Structures are given as C-alpha cells and as structure tokens.
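Novice:
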Amino acid sequence: MSLSPSTTVSTPSSTPSEVCAVCSDTVHSHQFGVPACLGCIVFFRRTVINKVQYKCWKQGRCLITFASRCSCRACRLRKCFHVGMKPAAIQQRDRLGPRNPKVIFYEQMIHYKDVPTSSSLFTPLVHLQRVQRALHVNYSNHPIRNRNQPNAHRKPASRGDINCSLKLAFKNADEWGNHFETYRKLSREEKNSVLSEYGIAFLLIDQAFQTSRFKKDNVWILQNGKILNSDKFQEDEEQSSKAETNSAFIEELIECLGNPFRNLEIDDFECASLKTMLLLTR
C-alpha cells in the first residue's frame with residue numbers, strides 16, 4: 001500500500017551499489033563520513049550523544065552484519081569507529097529531523113476530514129489505541145487492577161494469554177486500517193494479505209510500549225500486562241532446547257524493541273504514528 005505525498009520528498013544521496021559500511025544494509029546517507037544505513041546512523045548518533053558505554057561478552061569478536069547488528073552493541077560501535085564514522089559530524093539536531101515532525105496526509109486518505117495538523121489527525125487514533133489496550137486487559141483472566149502503575153506486580157503469561165493477544169492484535173490492526181479510505185477499499189483477500197505482515201508489527205509495537213514502561217530489563221510484557229520472562233516460563237517446556245529458543249527470542253525482542261522504546265521514551269502519540277506509517281508505507 002502506498003501513500004502519495006503532497007510534496008516531493010528528497011531521497012538519500014547514495015548509489016544503488018552502495019551498502020552500509022557497518023552492517024551491509026541499504027545506505028541512507030554519508031552523514032557521518034561513510035556510507036551508512038539509517039539504523040546505524042541513529043545507533044551511532046545516540047550512543048555518542050548519550051556517551052553510552054557497552055560491553056562485549058565475547059572479547060570483542062562479534063561479527064556485525066545486517067542480521068546480527070543488534071546482538072552486540074559494543075562490537076557494532078567499535079565497527080562504526082573502525083569504518084570511519086566521525087563523532088565530530090554529529091549535531092544535536094542534524095538531518096535526521098526534529099523529535100516530533102509534522103506529518104500531513106492527503107485528506108481523502110483518512111476517515112477524519114479537515115484535520116490541519118498531525119496532532120489533531122492522530123487524536124482519534126490515540127483514543128482508539130487506549131480503547132484497544134483496555135480491551136486486552138478485559139479479556140485477561142486475571143487483569144492488572146492497577147495497570148496505571150508501570151511497575152505493579154504482574155503475573156506470568158500463559159499460552160492462553162499469548163493466543164488471545166495475537167488474535168486481538170490482528171482484530172485491532174484491521175480496525176485501525178479501516179480508519180483509512182485506502183485500506184477500506186481493499187478486498188477482504190487484499191486486507192488479509194496486508195494483515196499477514198502488518199498484524200504482527202502492530203502487536204509488537206503495543207507490546208514494546210508496554211515493556212518500555214517496566215523497569216525490569218529481562219521481561220517482555222503482553223498487551224494485557226502479563227509478562228514473559230527470559231529466565232523463567234510459567235509452564236515447563238518439554239524440551240530444554242525449546243525453552244532455550246523461547247528465552248533467546250524474548251531476549252531479542254527486549255534488545256531490539258523493548259530497550260529502544262524505553263530509551264527513546266516512546267509515547268502514545270508516537271505509537272499511533274508508527275502503526276499508521278507501517279500501514280500506509282507497506
């Protein structure tokens with residue numbers, strides 16, 4: 001699904017043959033002196049500005065590729081310096097843009113008419129988002145009574161919680177899409193094709209937001225407030241290898257989504273923006 005912009009958008013200055021010098025992903029720009037993807041540019045900028053120090057548990061020998069770049073931030077940063085990324089080129093507000101950029105869509109693309117700014121455009125979506133999150137809690141067998149307190153005691157998630165959160169997420173994603181005329185015009189088959197990818201992304205954004213509000217860094221939180229702990233599961237696994245795989249998957253979710261959401265202090269408005277951009281730029 002595409003969204004036609006009302007103004008011409010400039011493309012990054014890179015050639016088709018170029019790849020990121022750090023992870024070999026598609027080049028976004030040469031902003032810090034070398035060809036780099038947007039992910040590595042953002043990673044390098046935040047690390048330098050925040051003066052973050054990382055530690056490698058494998059003696060600094062991790063291979064940094066597109067697939068593994070999130071596995072070791074220490075080695076990723078080391079490679080950024082090795083390929084020539086320049087800290088001196090970093091500005092507090094560089095070409096990555098402002099913290100809260102204005103986003104204006106074509107009026108006919110949205111369900112709400114005459115909305116002049118991104119703030120008023122997303123207000124109904126932010127409200128919908130809160131309603132959907134409340135629905136997840138209501139469907140829970142043991143809802144979190146004081147869910148407004150981020151660090152309240154939380155129960156481990158069961159298989160039923162996981163299945164319910166997945167089913168509701170796809171329903172929520174479809175409801176979200178129906179606020180946009182472009183999506184509403186699709187056939188049911190076309191919508192299912194979109195949801196096969198978008199539904200998972202929608203679910204992960206909500207869960208990453210919940211996780212980011214919890215101070216413990218080894219748990220992943222479902223939409224209903226239940227937790228998946230990377231160290232311990234509520235139900236014993238039949239095979240230790242399966243338990244290890246599940247634990248590694250949770251750790252990757254926390255590392256790649258939960259922690260970035262926490263560090264960036266992603267709020268409700270930004271969650272709604274992410275969901276909308278993922279839908280309309282598919």
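Everything in the sequence shown is counted per full-length UniProt numbering, starting at 1 for the first residue and increasing by one.
Using N, Cα and C, we set each Cβ at its ideal position, and we do this for glycine too.
Treat the numbers as computed from the prediction; the structure is a model and nothing was measured.
May I have a chain-ordered list of the alpha helix (DSSP H) segments no shorter than 4 residues that lie completely inside the UniProt domain "Nuclear receptor" (17-92)?
Specialist: 38-50 and 73-82, all fully within the UniProt domain "Nuclear receptor" (17-92).
Novice: Could you tell me the distance, in whole angstroms, from the CA atom of Q223 to the CA atom of C72?
Specialist: Those two C-alpha atoms are separated by around 28 Å.
Novice: So within the region 150-183, which uninterrupted beta strand (DSSP E) runs reach at least 3 residues, ignoring any that extend past its ends?
Specialist: Qualifying beta strand (DSSP E) stretches: none in this window.
Novice: Cutting at 6 Å between CB atoms, please list the residues of its own chain near K79, excluding the five before and the five after it.
Specialist: Excluding residues within five positions, the ones whose Cβ falls inside 6 Å are V22 and I64.
Novice: Buried or exposed, going by whether 16 or more other CB atoms sit within 10 Å of the CB of W220?
Specialist: Buried, since its Cβ has 16 or more Cβ neighbours within 10 Å.
Novice: What distance in whole Å lies between the Cβ atoms of F209 and A173, which are believed to be in contact at a cut-off of 8 Å?
Specialist: Rounded, the Cβ-Cβ distance is 15 Å, inconsistent with contact.
Novice: Please report how far the alpha carbon of M85 lies from the alpha carbon of Q31, in whole angstroms.
Specialist: Rounded to whole angstroms, M85 to Q31 spans 9 Å at the Cα level.
Novice: Does the separation of the CB atoms of F122 and A248 fall below 8 Å?
Specialist: In this structure, A248 does not lie closer than 8 Å to F122 by Cβ.
Novice: Check each candidate in L279, S68, I227 and E265 and name the one with the smallest Cα separation from F170.
Specialist: Per the Cα distances, L279.
Novice: Quick check on this structure: which residue in V48, C20, S29 and A89 has the alpha carbon closest to the alpha carbon of R69?
Specialist: Of V48, C20, S29 and A89, the residue nearest in Cα terms is C20.
Novice: With respect to the alpha helix (DSSP H) encompassing N192, which residues constitute its N-terminal and C-terminal limits?
Specialist: First-last of the alpha helix (DSSP H) with N192: R188 to S212.
Novice: From H82 to L257, what distance separates their C-alpha atoms?
Specialist: Whole-angstrom Cα-Cα distance: 26 Å.
Novice: Taking just the CA atoms, how far does Y139 sit from residue 304?
Specialist: A question about residue 304 goes unanswered here, because the residues of the chain that appear run from 1 up to 282.
Novice: What number of angstroms, rounded off, separates the C-alpha of F44 from the C-alpha of K216?
Specialist: Their backbone Cα atoms lie some 25 Å apart in a straight line.
Novice: Are A36 and V27 close, meaning C-beta to C-beta below 8 Å?
Specialist: It is a contact, given that the beta carbons lie within the stated cut-off.
Novice: Using three-state DSSP, classify L228 as helix, strand or coil.
Specialist: In the structure shown, L228 sits in a strand (DSSP, three-state: E or B).
Novice: Expressed to the nearest angstrom, what Euclidean distance is found between the alpha-carbon atoms of Q234 and A157?
Specialist: The predicted position of Q234 is uncertain, since its pLDDT is 42 and thus under 50; no value can be drawn from it.
Novice: CA-CA distance, K51 and L264?
Specialist: Using only the alpha carbons, I get a separation of about 15 Å.
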